[in-house]
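2 protein chains.
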Amino acid sequence: MENSIVYKSLLYDFYGELLTDKQNSIIDLYYNHDLTLSEISENTGISRQGVYDTLKRAENALDRYEKKLKLVERFSKHNMLIVEVNSKLEKILNSNIDDVKEIRKKLIEIKNIIKKIM
Amino acid sequence: MENSIVYKSLLYDFYGELLTDKQNSIIDLYYNHDLTLSEISENTGISRQGVYDTLKRAENALDRYEKKLKLVERFSKHNMLIVEVNSKLEKILNSNIDDVKEIRKKLIEIKNIIKKIM
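Protein chains in written order, with my numbering: chain A, 1 to 118; chain B, 119 to 236.
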């Protein structure tokens, strides 16, 4: 997970605004526009090695912010619980349960998950 | 809201780790331990004016982080929706509705709120 592009994009989404303009634009070209290091080099006039170094420094900065703030971690846990609530609701809605007691039992389960989020 | 202690505490909760150690400990004494500026001055050996200046600089830094990252704003919106989901669920559970169709209708409303969070 820590090295996946999804995780890195999340870090960028959360902390990108704290990067320098140069780091920000290079990460944006690399992550969001899928350019290669060479293409970014051609587009920006920065050497390929320079692009690589800036990218690594930016990624290290994003990692340091997450180590300090843990907001991506907090958000991901949150989100997993919301996905769970959603899927449990969907299950009730898609099922043919017509016993109110049973539905209520399932709603209490959902309320207990929501308690963990609040 | 912007000037309330609850809001300031939220900013500190989110971004406190990005402050300097000195800013961090003074804000902690002021927000979480309810000490006055004079008491913090006595406890730390920093002049009352120095404590005030550090506190203001820390608060300005927290404001700048929020202006850039807007994570407290994002989190608060999120949280309001979760509170709404929770109260709608509670209403169903505390009511005497025993018509499955009606419960299903209310669950669809809840699912639509959750969609906004995901």
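Each residue gets a CB set at the ideal place from its N, CA and C atoms; glycine is no exception.
Count the other C-beta atoms from every protein chain shown that fall within 10 angstroms of the C-beta of residue i, then say buried if there are 16 or more, exposed otherwise.
i	result
E177/B	buried
L211/B	exposed
T120/A	Because chain A spans 1 through 118 in this model, residue 120/A falls outside it and cannot be assessed.
G16/A	buried
I228/B	buried
I123/B	exposed
V201/B	exposed
I26/A	buried
I119/A	Lying outside 1 to 118, the shown extent of chain A, residue 119/A is not represented and no answer is given.
Taking only three categories from DSSP, how would you classify residue i?
i	result
H78/A	helix
T44/A	helix
L155/B	helix
L137/B	coil
N24/A	helix
K122/B	Residue identity differs from the one stated: residue 122/B is Ser in this sequence, not Lys. If DSSP states are grouped into helix, strand and coil, S122/B belongs with coil.
S95/A	coil
K88/A	helix
K224/B	helix
K70/A	coil
Give the interface partners of residue i over in chain B, defined as CB-CB distance under 7 Å, in chain order.
i	result
D98/A	V218
Enumerate in chain order the residues of its own chain whose CB-to-CB distance from residue i is below 6 Å, with the five nearest sequence positions on each side excluded.
i	result
F132/B	L189, V190
Y170/B	L155
K224/B	I210
N150/B	none
S9/A	Y31
At a CB-CB cut-off below 8 Å, which residues of chain B make contact with residue i?
i	result
R57/A	Those within 8 Å of R57/A in chain B number zero; the least Cβ separation is about 18 Å.
I114/A	I200, V203, N204, L207
I110/A	L207
I117/A	I200
Give the interface partners of residue i over in chain A, defined as CB-CB distance under 9 Å, in chain order.
i	result
L225/B	L89, I92, L93, I103, L107
Determine the chain A residues that contact residue i at a beta-carbon separation under 8 Å, and present them in chain order.
i	result
Y133/B	L69
Using a C-beta to C-beta distance shorter than 9 Å, which residues of chain B count as neighbours of residue i?
i	result
L62/A	None at all; the shortest Cβ gap to chain B is about 12 Å.
L18/A	L136, Y183, K186, L187
Just to make sure I have the definition right: I need the residues of chain A whose C-beta is within less than 7 Å of the C-beta of residue i. Which are they?
i	result
I155/B	The sequence as given places Leu at residue 155/B; Ile does not occur at that position. Going along chain A, no residue has its Cβ under 7 Å from L155/B, so there is no contact; the nearest lies around 27 Å.
Taking 8 Å as the limit between beta carbons, can you name the residues of its chain near residue i, skipping five residues before and five after?
i	result
S159/B	S165, R166, G168, V169
Output needed for residue i: all residues of its chain with C-beta closer than 7 Å, excluding positions within five of it in sequence on either side, in chain order.
i	result
N24/A	G16
I215/B	I221
Using a Cβ-Cβ cut-off of less than 8 Å, list which residues of the region 198 to 212 of chain B approach chain A; keep chain order.
-> Among the residues of the region 198 to 212 of chain B, those with a Cβ less than 8 Å away from any Cβ of chain A are I200, V201, V203, N204, L207, E208, I210, L211, in the order of the chain.
What residues from the region 140 to 153 of chain B come within 9 Å of chain A, judged by C-beta to C-beta, listed N to C?
-> Listed in sequence order: no entries.
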